[in-house]
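K.L.:
The numbers in the working numbering rise by one with no breaks, and the one at position 267 of the sequence shown is 255.
Just passing along the structure, written as structure tokens.
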Amino acid sequence: MLDTLHPFKRNYLDRNGNKLQYVNEGQGEPVVMVHGNPSWSFYYRNLISALSDKHQCIVPDHIGCGLSDKPDDSGYDYTLKNRIDDLEALLEHLDVKENITLVVHDWGGMIGMGYAARYPDRIKRLVILNTGAFHLPVSKPFPWALSICRNTLLGTFLVRGFNAFSSAASYVGVKRKPMHKDIREAYVAPFNSWANRISTLRFVQDIPLKPGDRNYDLVSDIAASLVKFQDVPTVICWGLQDFVFDKHFLTEWKQRMPHAKVHEFADCGHYILEDASDEVIGHIKDFIAETEASKDVKQESVA
């Protein structure tokens, strides 16, 4: 069933002895899609199918997620910097160094924009889906459910013992209608044991909330880099019923990226590509086409 729902060739990159699985479908200008926690490349399956006729769609599974290896702490340091390093290594391996359309969701925003901060000239467009690339907004309380997972032994037991984070997300992450059983099972399938749930916990534990937390300065640097992208075409598609990446995050994105075209979905949640797949994919395809047309017009006017 998983192969039917996720029908893409499995490719692997060796990352210091760990296999990083990635999708690499289609030809043309690259579209790099970066997932978050607790999902994997499966989240982008419909977008890959929609864009791969004209674009090279590159979608990694972060180490510890999806079809990638899931080492313990002795085999991988589950931290933001390493996630960005992994993405950079993959794109270097594929010789993808220009005209990137970067699509980010959840932790993918921090990872993807962390890469973009290193190489701003490589980014042609940004597609932002319920994510962040800055510290928790001042107006946003840290969600209690994340606090339990991040800071308590109970959270560790629930996440790694019962797959509470991934399982709960598959229910509360959609709002229009429940996920079909097969889809929900595909989301949680990679996280099928205590050992294989390490990344879902480490992602939450890696959230920096105050100066001195690991990665706090890195997140500050990523946030400061966003000003470099205010001339980069950007579209934001946002589910307003996301209990983490909610209106507070969206407001900050609007402030930091005032040029962005914004589509808000009042009846959708965190997994916006599940709740409103057809609409969001339509907006993304239109956005790519419009920005291509705009570029062509500019080139003609210069000539």
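All C-beta atoms, glycine included, are put in the ideal place defined by N, C-alpha and C.
Just so we're clear, the structure is a prediction, and the values are computed from it rather than from any experiment.
Expressed to the nearest angstrom, what Euclidean distance is found between the alpha-carbon atoms of lysine 273 and serine 208?
P.N.:
As a working note, residue 273 is residue 285 in the sequence shown. As a working note, residue 208 is residue 220 in the sequence shown. Cα to Cα, the separation comes out at about 32 Å.
K.L.:
Considering only the alpha carbon of each residue, which of Ile46, Asp219, Thr67 lies closest to proline 246?
P.N.:
Taking the sequence shown and counting its residues from 1, one reaches residue 246 at position 258. It is Asp219 whose Cα lies nearest to the Cα of proline 246.
K.L.:
May I have a chain-ordered list of the alpha helix (DSSP H) segments no shorter than 4 residues that lie completely inside the stretch 33 to 78?
P.N.:
DSSP runs (the alpha helix (DSSP H)) wholly in the stretch 33 to 78: 33 to 39.
K.L.:
Which term fits arginine 164, buried or exposed, when burial requires 16 or more other beta carbons within 10 angstroms of its beta carbon?
P.N.:
As a position in the sequence shown, residue 164 is number 176, starting the count at 1. Counting Cβ neighbours within 10 Å, arginine 164 comes out exposed, since fewer than 16 surround it.
K.L.:
Tell me glutamine 304's beta-bridge partners as DSSP assigns them.
P.N.:
In the structure displayed, the chain extends from -11 to 291; residue 304 sits before or after that span and is not available.
K.L.:
Taking DSSP's pairing of strands, which residues face arginine 113 in a bridge?
P.N.:
The residue you call residue 113 lines up with position 125 of the sequence shown. Thr89.
K.L.:
Determine the direct distance from the alpha carbon of isoleucine 36 to that of glutamate 86, and round the result to whole angstroms.
P.N.:
In the sequence shown, residue 86 corresponds to position 98, counting from 1. In the sequence shown, residue 36 corresponds to position 48, counting from 1. So the alpha carbons of these two residues sit roughly 19 Å apart.
K.L.:
DSSP three-state call for histidine 247: helix, strand or coil?
P.N.:
One-based indexing of the sequence shown puts residue 247 at position 259. Coil, per DSSP.
K.L.:
Taking DSSP's pairing of strands, which residues face methionine 21 in a bridge?
P.N.:
In the sequence shown, the residue the question calls residue 21 occupies position 33. Note: methionine 21 sits in a beta bridge opposite Val91.
K.L.:
Do the stretch 140 to 160 and the stretch 187 to 194 make contact, defined as three or more Cβ pairs closer than 8 Å?
P.N.:
Touching, yes.
K.L.:
In this structure, what does DSSP give as the bridge partners for glycine 257?
P.N.:
By 1-based counting over the sequence shown, the position of residue 257 is 269. Partner(s): none; glycine 257 has no beta bridge.
K.L.:
Among residues of its own chain, excluding the 5 on either side of phenylalanine 130, which ones have a beta-carbon nearer than 7 Å to its beta-carbon?
P.N.:
Looking up residue 130 in the sequence shown gives position 142. Within the same chain, phenylalanine 130 has close Cβ partners Leu124, Leu197.
K.L.:
What are the residues that DSSP puts in a beta bridge with glutamate 252?
P.N.:
By 1-based counting over the sequence shown, the position of residue 252 is 264. In DSSP, glutamate 252 forms a bridge with Trp226.
K.L.:
On the three-pair Cβ rule with 8 Å, is the stretch 73 to 87 touching the stretch 160 to 179?
P.N.:
No: fewer than three Cβ pairs fall under 8 Å.
K.L.:
Helix, strand or coil, according to DSSP, for asparagine 184 in the structure here?
P.N.:
Numbered from 1 along the sequence shown, position 196 holds the residue referred to as residue 184. The answer is helix: DSSP assigns asparagine 184 an H, G or I state.
K.L.:
Between Arg113, Asp201, Val126, Ser213, which lies nearest to glutamate 240 when the distance is taken from Cα to Cα?
P.N.:
Residue 240 sits at position 252 when you count from the first residue of the sequence shown. Checking every option, the nearest Cα to that of glutamate 240 belongs to Val126.
K.L.:
Pull up the distance between the alpha-carbon of tryptophan 132 and that of aspartate 41, whole angstroms please.
P.N.:
As a working mapping, residue 132 is identified with position 144 in the sequence shown. As a working mapping, residue 41 is identified with position 53 in the sequence shown. Roughly 43 Å separates the two Cα atoms.
K.L.:
For asparagine 118, name the three-state secondary structure that DSSP assigns.
P.N.:
If you number the sequence shown from 1, residue 118 lands on position 130. In the structure shown, asparagine 118 sits in a strand (DSSP, three-state: E or B).
K.L.:
Is glycine 149 helix, strand or coil by DSSP?
P.N.:
Taking the first residue of the sequence shown as position 1, residue 149 is located at position 161. Helix, per DSSP.
K.L.:
Which residue comes first and which comes last in the alpha helix (DSSP H) that contains asparagine 139?
P.N.:
Residue mapping note: residue 139 aligns to position 151 of the sequence shown, counting from 1. 132 to 139 is the extent of the alpha helix (DSSP H) around asparagine 139.
K.L.:
According to DSSP, is alanine 105 helix, strand or coil?
P.N.:
Looking up residue 105 in the sequence shown gives position 117. Three-state result, alanine 105: helix.
K.L.:
Given this structure, state the Cα-to-Cα distance separating lysine 242 from phenylalanine 253, to the nearest angstrom.
P.N.:
The residue you call residue 242 lines up with position 254 of the sequence shown. The residue you call residue 253 lines up with position 265 of the sequence shown. Cα to Cα, the separation comes out at about 15 Å.
K.L.:
Leaving out five residues before and five after isoleucine 276 in sequence, what residues of the same chain have Cβ atoms less than 6 Å from its Cβ?
P.N.:
Counted from its first residue, the sequence shown places residue 276 at position 288. Nothing meets the Cβ criterion.
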